[in-house]
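S.K.: Dropping the structure in here first, questions after.
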Amino acid sequence: MSESTANTSSVERSLVLVKPDGFRRGLTGEVLRRIEAKGYTIAALAVLTPDRERLAKHYAEHEGKPFYEPLLDFMSGGRVTAAVIEGERCIEGFRALAGATDPTAALPGTIRGDLGRDWGEKVQQNIVHGSDSPESAAREIAIWFPDGALN
Ligand code: DAT
Ligand code: MG
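For the sequence shown, position 73 matches number 78 in our numbering, and the numbering has no gaps at all.
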């Protein structure tokens with residue numbers, strides 16, 4: 006492969022959350038298994054119950070939407086696993102692993118399609134979060150891993 010086509014500059018990091026529904030249901034290992042089976046590596050891992058201040062920063066783009074307050078209630082209502090994953094094009098790749106936002110519509114084979122369902126709540130509980138762009142990933146990693154311990 007020539008220098009110009011070598012895929013050397015696309016190593017990315019993405020912020021993944023196993024949300025409280027996934028944590029409560031014992032699906033943290035299954036989500037991490039799928040990430041590793043895909044070939045991405047785990048660069049940082051933490052278990053915590055996020056407070057609303059952290060979640061308001063994380064979900065700032067959704068402020069004012071009808072599901073925003075239910076989303077913060079849901080996400081602050083239990084432990085989550087926060088992970089930084091690493092690999093070429095892992096932002097797009099993890100979004101593909103996760104599947105569509107609506108777990109009813111998410112395709113079988115995806116995390117949300119295989120493991121999620123609609124529970125009739127005001128906010129969709131869909132097991133995982135994954136960053137949607139390099140800019141979001143950088144912003145979100147700083148929110149969840151703020152102490153610079155990540156190398
Ligand atoms: P994603 O998590 O797929 O990036 P998003 O950023 O648009 O989706 O929304 C954040 C979360 O909010 C999403 O994972 C589930 C919930 N949500 C989004 N749209 C919703 C809707 N129309 N009704 C209920 N919950 C919704
Ligand atoms: Mg999103």
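Ideal placement from N, C-alpha and C gives every residue a C-beta, glycine not left out. Just so you know, these numbers come straight off a predicted model, no measurement behind them.
To the nearest angstrom, report how far apart residue 134 and residue 56 are at their CA atoms.
M.R.: Here residue 134 corresponds to residue number 129 of the sequence shown, with the count starting at 1. Here residue 56 corresponds to residue number 51 of the sequence shown, with the count starting at 1. If I take the Cα positions, the gap works out to 16 Å.
S.K.: Assign residue 26 to buried or exposed, taking buried as 16 or more other Cβ atoms, counted over all protein chains shown, within 10 Å of its Cβ.
M.R.: Residue mapping note: residue 26 aligns to position 21 of the sequence shown, counting from 1. Buried is the call here.
S.K.: Can you grab the Cα-Cα spacing for the pair residue 37 / residue 52, in whole Å?
M.R.: Taking the sequence shown and counting its residues from 1, the one referred to as residue 37 is at position 32. Taking the sequence shown and counting its residues from 1, the one referred to as residue 52 is at position 47. Residue 37 and residue 52 have their C-alpha atoms spaced approximately 13 Å apart.
S.K.: Could one say the Cβ of residue 54 lies closer than 7 Å to chain C's Cβ atoms, at least one of them?
M.R.: Checking the listed chains, one finds no chain C in this structure; it contains a single protein chain.
S.K.: Taking residue 19 as part of the beta strand (DSSP E), name the residues at either end of that continuous run.
M.R.: As a position in the sequence shown, residue 19 is number 14, starting the count at 1. Segment 16 to 23, the beta strand (DSSP E) holding residue 19.
S.K.: Name the two residues that bound the continuous alpha helix (DSSP H) containing residue 103.
M.R.: Taking the sequence shown and counting its residues from 1, one reaches residue 103 at position 98. For residue 103, the enclosing alpha helix (DSSP H) starts and ends at 95 to 103.
S.K.: Taking all protein chains shown into account, decide if residue 116 is buried (16 or more other Cβ within 10 angstroms of its Cβ) or exposed.
M.R.: As a working mapping, residue 116 is identified with position 111 in the sequence shown. Burial is judged here by how many other beta carbons sit within 10 angstroms of a residue's own beta carbon; residue 116 has at least 16 and is buried.
S.K.: CA-CA distance, residue 54 and residue 32?
M.R.: As a working note, residue 54 is residue 49 in the sequence shown. As a working note, residue 32 is residue 27 in the sequence shown. For residue 54 and residue 32, the distance between alpha carbons rounds to 16 Å.
S.K.: I'd like to confirm something about residue 85: is its beta-carbon nearer than 6 Å to some heavy atom of ligand 1, or not?
M.R.: If you number the sequence shown from 1, residue 85 lands on position 80. No, since every heavy atom of ligand 1 falls outside the 6 Å radius drawn around the Cβ of residue 85.
S.K.: Answer with buried or exposed for residue 68, where buried requires no fewer than 16 other C-beta atoms within 10 angstroms of its C-beta.
M.R.: By one-based count along the sequence shown, residue 68 stands at place 63. A residue is called buried when at least 16 other Cβ atoms come within 10 angstroms of its Cβ; residue 68 does not meet this threshold and is exposed.
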